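Undergrad: Got a structure here, written out as structure tokens. Questions coming.
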Amino acid sequence: MTDFNFLFLVNTPGMYYQGNSTPQRPSITSQARSHAAMAFHRKRHAALQVKSTKSTTGLARRAILMSKPRETTRSRRRNQEDYEDNSIITAAPPAVSRKGAVSIRDFPLKSQQQFERHLSPLSHPVDILPGVPHRDSAGFSAAAEFYSTVKPDLVHAPVFHIFDVSNTFAKSGSQDIYLYPLLWVISCPVECGRDRSYGRKEGELGRERELAQAVPYTIRGSLQARSTHMSYYDLMTHEVALHAGVAVANMVRDVFVRSNFPNNKTGPSAQVLRLIQVAISKLREHMVVQDEDPGGGGDGRHRRQRAVNDDGAIIAALFLGHIASGFGDLEAFQMHRRGIKTMIESRGGLDVLGLDGMLKCSVLQFESWWTHIYRDTSVFASSKPAYSPVYLSPPYSAETLRLLSRLPPGFRRLATRGQLAMDVVTVLSSIAAYQDAIQTSPGGVARQMEAVASLPARRRHADFSDACTCLLDPAPNFEKYLVFALICYASVAFAPDRHYLSASHTAFRTPRLLLTQDLPTFRVVVEEEEHDVALRDETSHTEEAGDNNVTEKECLVWMWLVTLSSWTATDGPHSGNAASLQSAFRARFPEYCDRGRLDLVLRQFFWTDALDHQVEMKAGLG
52 MTDFNFLFLV NTPGMYYQGN STPQRPSITS QARSHAAMAF HRKRHAALQV
102 KSTKSTTGLA RRAILMSKPR ETTRSRRRNQ EDYEDNSIIT AAPPAVSRKG
152 AVSIRDFPLK SQQQFERHLS PLSHPVDILP GVPHRDSAGF SAAAEFYSTV
202 KPDLVHAPVF HIFDVSNTFA KSGSQDIYLY PLLWVISCPV ECGRDRSYGR
252 KEGELGRERE LAQAVPYTIR GSLQARSTHM SYYDLMTHEV ALHAGVAVAN
302 MVRDVFVRSN FPNNKTGPSA QVLRLIQVAI SKLREHMVVQ DEDPGGGGDG
352 RHRRQRAVND DGAIIAALFL GHIASGFGDL EAFQMHRRGI KTMIESRGGL
402 DVLGLDGMLK CSVLQFESWW THIYRDTSVF ASSKPAYSPV YLSPPYSAET
452 LRLLSRLPPG FRRLATRGQL AMDVVTVLSS IAAYQDAIQT SPGGVARQME
502 AVASLPARRR HADFSDACTC LLDPAPNFEK YLVFALICYA SVAFAPDRHY
552 LSASHTAFRT PRLLLTQDLP TFRVVVEEEE HDVALRDETS HTEEAGDNNV
602 TEKECLVWMW LVTLSSWTAT DGPHSGNAAS LQSAFRARFP EYCDRGRLDL
652 VLRQFFWTDA LDHQVEMKAG LG
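The sequence shown begins at 52 in our numbering and counts up one residue at a time.
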């Protein structure tokens with residue numbers, strides 16, 4: 052079989068059978084593709100070894116080969132049969148005969164026998180994704196190294212597990228061998244750029260904006276969802292999605308590195324700008340429908356049109372929209388956002404997207420955070436349920452009593468008095484159970500993170516707004532801010548390396564940004580009525596007693612402290628944002644700057660010794 056046919060097999064997820072004029076393309080198994088990849092690398096390695104034997108440095112080894120005892124006809128025939136058995140690559144089940152399968156021989160038999168027997172093992176690790184384009188291009192290795200260092204699947208596992216939301220950062224069962232390089236391609240978040248000055252000179256992104264505005268997001272023709280579904284391997288070989296993933300990962304890396312130097316106000320690096328330009332150009336080329344059929348017939352044009360809105364193109368548009376948002380280019384961002392909606396609607400809606408539902412979750416999660424950042428309406432608002440919270444009322448069921456029993460006193464009072472919806476109470480109970488498990492688990496946070504990250508995703512909710520419907524309320528909302536604070540608290544308290552949280556936008560930086568922006572102007576009832584909380588008897592902190600409005604205000608104080616600690620956790624004790632919040636807190640709540648009074652408040656809600664140390668030593672309270 053020719054080299055071309057061999058590479059064609061490695062680079063496609065299907066197996067062709069001889070003697071069939073209309074061959075079907077069943078999914079190639081992971082084992083078969085791994086074998087094909089190994090054969091590919093053996094062939095390349097053998098070619099290098101042959102070249103080496105012809106050189107001066109290879110004379111000694113060639114002498115060894117030439118002195119090899121001559122094989123008998125019988126042993127040579129047996130070796131040939133063994134090799135042919137091992138060289139067959141098929142996706143057919145064991146019950147199917149190998150007779151009709153394509154046999155792949157990676158290089159001539161004699162060379163294989165000589166070098167595999169007498170030379171050292173492979174000097175290169177086997178690449179199980181040989182079909183991925185541009186693996187050696189600039190930016191790919193930097194993005195992969197950054198992702199493997201940050202390990203977002205471990206960093207984000209606590210939050211997604213607690214909220215029972217699909218973790219778009221995590222590995223997925225049998226796809227693990229393909230998913231490692233794919234993780235940062237489909238899930239790596241991008242810096243918002245609004246909670247930290249990310250200096251951008253005028254005209255710096257002119258070329259990128261010009262290209263972005265030229266992306267033809269109009270979908271023509273009748274498009275069917277089935278033909279646009281992609282497997283994980285297909286996605287990794289999708290040139291447009293790959294370039295967009297490399298661009299967004301390098302942008303996050305660039306911002307993360309610069310975040311360690313607060314005085315650095317320069318804009319994005321030249322490499323990041325170039326990668327973004329390449330990604331936009333690739334998407335533009337992909338979206339342009341040819342006026343003439345590339346295949347010479349109507350069927351070819353139909354296939355071209357149906358591939359315009361595939362999973363890879365949607366992922367690329369999603370990343371490029373997020374990059375535009377990070378740079379503050381509102382015009383380009385809105386264009387990409389509308390394009391995402393157009394492509395998904397042409398597919399038949401969110402529910403028909405591929406990647407086992409993970410693409411739908413990624414789109415919804417990015418879109419939800421965009422909605423909060425820009426204070427607008429989601430382009431997928433019609434797919435969201437109406438905001439209709441359900442609050443607790445006596446008599447309580449046994450399950451409700453079990454949930455309430457886990458909560459700290461302050462949260463329990465708010466729940467029983469109808470100030471927290473049932474879905475928020477469920478999340479609070481999950482945090483309590485999670486925290487208890489860590490405190491009683493040997494190894495603490497690090498061991499617990501590994502255990503949780505390895506759990507199969509429950510995937511009960513596609514988005515955080517599905518888990519807590521208060522996030523659907525666009526107005527200032529006490530419960531919504533509480534949920535944002537719970538996301539920050541779970542991240543800071545349970546993440547194995549909190550420093551890398553600054554590289555996370557979708558599940559950490561956006562809720563922290565919103566709390567930082569909104570808390571200084573948000574007031575609860577007790578503040579509006581101008582009650583003098585300082586005169587309250589501090590000994591009345593019991594489970595049954597306590598003023599309802601006072602408990603709400605103390606919970607607001609807790610949100611402030613969580614937001615403050617979230618800044619010091621990632622930026623260190625000299626965080627400028629933490630210093631600003633600290634000054635605003637002292638002016639807003641002077642009565643809670645006393646350490647003894649503050650301890651009484653913190654005992655009513657969630658807290659840890661590490662956060663307590665941050666508040667006292669780094670934030671300067673107490």
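Glycine included, every Cβ here is placed at the ideal spot set by N, Cα and C. None of these values were measured; they are calculated from a predicted model.
When we look at the beta-carbon of D660 and count the other beta-carbons within 10 Å, is it buried (16 or more) or exposed?
TA: Indexing the sequence shown from 1 puts residue 660 at position 609. D660 is exposed by the Cβ-count criterion.
Undergrad: Going by DSSP, what residue range makes up the alpha helix (DSSP H) through K435?
TA: The residue you call residue 435 lines up with position 384 of the sequence shown. Segment: none, K435 is in no alpha helix (DSSP H) and carries neither H nor E.
Undergrad: Note the first and the last residue of the continuous alpha helix (DSSP H) segment covering R637.
TA: What you label residue 637 is simply residue 586 of the sequence shown in a count that begins at 1. Here the alpha helix (DSSP H) through R637 covers 627 to 639.
Undergrad: Between which two residues does the alpha helix (DSSP H) harbouring V323 extend?
TA: Here residue 323 refers to the residue found at position 272 of the sequence shown. Where V323 is concerned, the enclosing alpha helix (DSSP H) stretches over 321 to 338.
Undergrad: Can the beta-carbon of F370 be found closer than 7 Å to that of A295?
TA: Residue mapping note: residue 370 aligns to position 319 of the sequence shown, counting from 1. Residue mapping note: residue 295 aligns to position 244 of the sequence shown, counting from 1. For F370 and A295, yes; Cβs fall inside 7 Å.
Undergrad: May I ask you to report which of helix, strand or coil DSSP gives H289?
TA: In the sequence shown, the residue the question calls residue 289 occupies position 238. Residue state, collapsed to three classes: coil.
Undergrad: By a C-beta neighbour count over all protein chains shown, 10 Å radius and 16 as the cutoff for buried, is G390 buried or exposed?
TA: As a working note, residue 390 is residue 339 in the sequence shown. It counts as buried.
Undergrad: Can you tell me whether Y447 is helix, strand or coil according to DSSP?
TA: The residue labelled residue 447 in the question sits at position 396 within the sequence shown. Y447 falls in the coil class under three-state DSSP.
Undergrad: Whole angstroms is fine: what's the gap from G377's alpha carbon to T557's?
TA: Stepping through the sequence shown from its first residue, residue 377 is reached at position 326. Stepping through the sequence shown from its first residue, residue 557 is reached at position 506. Distance between the alpha carbons of G377 and T557 is about 12 Å.
Undergrad: Using DSSP bridges, identify the partner residues of A472.
TA: Counted from its first residue, the sequence shown places residue 472 at position 421. The partner list for A472 (beta bridge, DSSP) reads Y442.
Undergrad: Based on Cα-Cα distance, which residue from L564, I327, P446, V403 lies nearest to N675?
TA: The requested residue 675 is not part of the displayed model; the chain covers only 52 to 673.
Undergrad: Taking the CB atoms as reference points, tell me whether A466 and V476 lie closer together than 7 Å.
TA: Along the sequence shown, read from residue 1 onward, the residue named residue 466 stands at position 415. Along the sequence shown, read from residue 1 onward, the residue named residue 476 stands at position 425. It is a contact, given that the beta carbons lie within the stated cut-off.
Undergrad: Can you tell me where the alpha helix (DSSP H) with D362 in it begins and where it stops?
TA: The count along the sequence shown starts at 1 and reaches residue 362 at position 311. Run containing D362: 362 to 377, per the alpha helix (DSSP H) assignment.
Undergrad: So, at 7 Å on beta carbons, what are the nonlocal neighbours of L607 in its own chain, with the 5 sequence-adjacent residues on each side left out?
TA: Along the sequence shown, one-based indexing puts residue 607 at 556. Hits under 7 Å: V575.
Undergrad: Keeping to the same chain, check which residues put their C-beta closer than 7 Å to that of A541; ignore five residues upstream and five downstream.
TA: Here the question's residue 541 lines up with position 490 in the sequence shown. The answer, listed in chain order, is P209, V210, I213, I482.
Undergrad: Would you say A536 and M610 are within 7 Å of each other, going by their C-beta atoms?
TA: Taking the sequence shown and counting its residues from 1, one reaches residue 536 at position 485. Taking the sequence shown and counting its residues from 1, one reaches residue 610 at position 559. Yes. Within cutoff.
Undergrad: Using C-beta distances below 8 Å, list every residue in its chain close to S444, excluding the 5 sequence neighbours before and after it, in chain order.
TA: For the purposes of this step, residue 444 is taken as residue 393 along the sequence shown, with counting starting at 1. G469.
Undergrad: Among P440, L293, R426, N311, which residue has its Cα nearest to the Cα of A330?
TA: Within the sequence shown, residue 330 is the residue found at index 279, counting from 1. Residue L293 is the option with its Cα nearest to A330.
Undergrad: Output needed for Y551: all residues of its chain with C-beta closer than 6 Å, excluding positions within five of it in sequence on either side, in chain order.
TA: Taking the first residue of the sequence shown as 1, we reach residue 551 at position 500. V201, V206, listed in sequence order.
Undergrad: If you draw a straight line from the alpha carbon of I424 to that of T621, how long is it in whole angstroms?
TA: Position 373 of the sequence shown, counted from the first residue, corresponds to residue 424. Position 570 of the sequence shown, counted from the first residue, corresponds to residue 621. Looking at the two C-alpha atoms, the distance is approximately 21 Å.
Undergrad: For D427 and N628, I'd like the C-alpha separation in whole angstroms.
TA: Numbered from its first residue, the sequence shown carries residue 427 at position 376. Numbered from its first residue, the sequence shown carries residue 628 at position 577. Their backbone Cα atoms lie some 25 Å apart in a straight line.
Undergrad: Would you mind sorting S634 into buried or exposed? The rule is 16 or more other CB atoms within 10 Å of its CB.
TA: Numbered from its first residue, the sequence shown carries residue 634 at position 583. S634 comes out exposed.
Undergrad: Taking just the CA atoms, how far does K531 sit from M386?
TA: Within the sequence shown, the letter at position 335 stands for residue 386. Within the sequence shown, the letter at position 480 stands for residue 531. Computed Cα separation, rounded: 29 Å.
Undergrad: The alpha helix (DSSP H) with H423 in it runs from where to where?
TA: For the purposes of this step, residue 423 is taken as residue 372 along the sequence shown, with counting starting at 1. From DSSP, the alpha helix (DSSP H) with H423 extends over 409 to 425.
Undergrad: Can you tell which of E396, A432, F191 has its C-alpha closest to the C-alpha of E290?
TA: Sequence index remark: in the sequence shown, residue 290 carries index 239 (1-based). Nearest C-alpha to E290: F191.
Undergrad: Suppose contacts are defined by Cβ-Cβ distances below 7 Å. Is V303 in contact with A546 by that definition?
TA: Along the sequence shown, read from residue 1 onward, the residue named residue 303 stands at position 252. Along the sequence shown, read from residue 1 onward, the residue named residue 546 stands at position 495. Against a cut-off of 7 Å, the Cβ pair of A546 and V303 comes out as no contact.
Undergrad: Taking the alpha-carbon of R453 as reference, which of S480, K435, L662 has the nearest alpha-carbon?
TA: Counted from its first residue, the sequence shown places residue 453 at position 402. Nearest C-alpha to R453: S480.
Undergrad: Can you give me the start and stop residues for the alpha helix (DSSP H) that K392 sits inside?
TA: For the purposes of this step, residue 392 is identified with residue 341 of the sequence shown, where counting begins at 1. Run containing K392: 381 to 398, per the alpha helix (DSSP H) assignment.
Undergrad: Straight-line CA distance for S429 to V441?
TA: Taking the sequence shown and counting its residues from 1, one reaches residue 429 at position 378. Taking the sequence shown and counting its residues from 1, one reaches residue 441 at position 390. Cα to Cα, the separation comes out at about 23 Å.
Undergrad: Tell me whether R277 is buried or exposed, calling it buried when 16 or more other Cβ atoms sit within 10 Å of its Cβ.
TA: Counting from 1 along the sequence shown, the entry for residue 277 is found at position 226. Residue confidence is low: R277 scores 37 on pLDDT, short of 50, so the model does not pin down where it sits. Its coordinate-derived value is still stated next. By the 10 Å Cβ count, R277 comes out exposed.
Undergrad: Under 7 Å between the Cβ atoms of R388 and G372?
TA: Taking the first residue of the sequence shown as 1, we reach residue 388 at position 337. Taking the first residue of the sequence shown as 1, we reach residue 372 at position 321. Contact: yes.
Undergrad: Evaluate E418 with the Cβ neighbour count: other Cβ atoms within 10 Å of its Cβ, from every protein chain shown; 16 or more gives buried, anything less gives exposed.
TA: Reading the sequence shown from its first residue, position 367 is the one you call residue 418. Looking at its Cβ environment, which holds 16 or more other Cβ atoms inside 10 Å, E418 is buried.
Undergrad: Rounded to a whole number of angstroms, what is the C-alpha to C-alpha distance between F640 and T572?
TA: The residue given as residue 640 occupies position 589 in the sequence shown. The residue given as residue 572 occupies position 521 in the sequence shown. Each residue's Cα considered, the two are about 13 Å apart.
Undergrad: Apart from the five residues on each side of it in sequence, which residues of its chain come closer than 6 Å, Cβ to Cβ, to C412?
TA: By one-based count along the sequence shown, residue 412 stands at place 361. Excluding sequence neighbours, C412 sits near S217, T219, A513.
Undergrad: Note the first and the last residue of the continuous alpha helix (DSSP H) segment covering K531.
TA: Along the sequence shown, one-based indexing puts residue 531 at 480. Element bounds for K531: 529 to 545.
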